[in-house]
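Accompanying notes for the structure given below.
In the UniProt record's numbering, the protein residues as written are 1 to 300.
What follows is the structure in structure tokens.
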């Protein structure tokens, strides 16, 4: 599998009683298909997987497969503290014929580089599906380093890495030392730099509610190779990037979806929604972003 384009870690809508709203979830997926993103990730942090039961995660992935019907690739997240749980999510993904797995370091446990490698290998054996690694030390408290990559050099299913460290030197190391692993941007305000260093995909939560603008940046940089245009689009997107990094990331993504008419139904505790002033500020940022990018792309 080649990861190319915009991959959306889909939000998980909730009903008024806090259960998963399956009808609204299907509507989110249909919206993303219509918006021409290039793939869907279920079980990512934007989808609040950490607040779901195991059965809810199994059910969401299965529903996504049924709704998408092969129209877009489906990538299933396997994030969990216990390797046994990640293996179970991988086995379930294989059973529904998902297209790939997202495999990160187990959070909180602080595994060594070799232990992260053993975790990834166990998940790989369970499903034998293409793997996008997920390096996010800000959440996991450990980073995938050179020892890890040496340990997994024989894992043929590792085809890409969502690099979310925010460390430009780490991105450079990956591009130079491990060119067989496709780079995918996982740190939004570095998207332009990732594309300049050969990344051909971007896993971006904001594409839940402004997918066309994210696709526009991908197309400018990767398809058209017009980095002057890409810089202009990225400049227009930076106020949103700054807002999303203000401490209420998923809350902002879900409200952005609501502004597009999608039903999200709030968040699961411990998270809570934006306050009225934050909502107004985000709406203003999005309105200006859309206007500016439309001018750059000719309304595309």
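By construction, the Cβ of each residue, glycine as well, lies at the ideal position given by its N, Cα and C atoms.
Run through DSSP, which three-state label would residue 178 get?
-> coil
Would you identify the three-state DSSP class for residue 48, choosing helix, strand or coil?
-> coil
For residue 9, is the classification buried or exposed, using 16 other Cβ atoms within 10 angstroms of its Cβ as the cut-off for buried?
-> buried
For residue 133: DSSP bridge partner residues | 103 and 161
Is it the case that the Cβ atoms of residue 124 and residue 80 are separated by a distance below 9 Å?
-> no
Determine the direct distance from the alpha carbon of residue 216 to that of residue 300, and round the result to whole angstroms.
-> Any answer about residue 300 is weak, because its pLDDT of 49 lies below 50 and its placement is not dependable; what the coordinates show is given next. So the alpha carbons of these two residues sit roughly 8 Å apart.
Candidates 6, 14 and 140, of which the one nearest residue 304 by Cα | Here the chain covers residues 1 to 300 and nothing more, so residue 304 does not appear.
Looking at the structure shown, is residue 83 part of a helix, part of a strand, or coil, going by DSSP?
-> helix
Since residue 107 contacts residue 83 with CB under 8 Å, what's their CB separation in whole angstroms?
-> 12 Å between Cβ atoms; not a contact.
Could you check which residue in 139, 118, 161 and 154 has the C-alpha nearest to that of residue 131?
-> 161
How about residue 259 and residue 209: are their beta carbons less than 9 Å apart?
-> yes
Helix or strand or just coil, what does DSSP make of residue 221?
-> helix
Helix, strand or coil: how does DSSP classify residue 210 here?
-> coil
Where does residue 14 sit, in a helix, a strand or coil, going by DSSP?
-> strand
Residue 12 classed as buried or exposed, judged by whether at least 16 other C-beta atoms fall within 10 angstroms | buried
Spell out the partners DSSP gives residue 203 in its beta bridges.
-> 7
Based on the DSSP secondary-structure assignment, which residues constitute the bridge partners of residue 77?
-> 102
Answer with buried or exposed for residue 238, where buried requires no fewer than 16 other C-beta atoms within 10 angstroms of its C-beta.
-> exposed
Whose C-beta lies closer than 6 Å to the C-beta of residue 92 among residues of the same chain, with five residues either side of it excluded?
-> 58
C-alpha distance - residue 233 paired with residue 293, whole-angstrom precision | 6 Å
Counting Cβ pairs closer than 8 Å, one from the segment 218 to 230 and one from the segment 274 to 287, do we hit at least three?
-> no
With respect to the alpha helix (DSSP H) encompassing residue 293, which residues constitute its N-terminal and C-terminal limits?
-> 276 to 297
Could you pull out every residue in the same chain whose Cβ sits closer than 6 Å to the Cβ of residue 244, ignoring the five residues on either side in sequence?
-> 252
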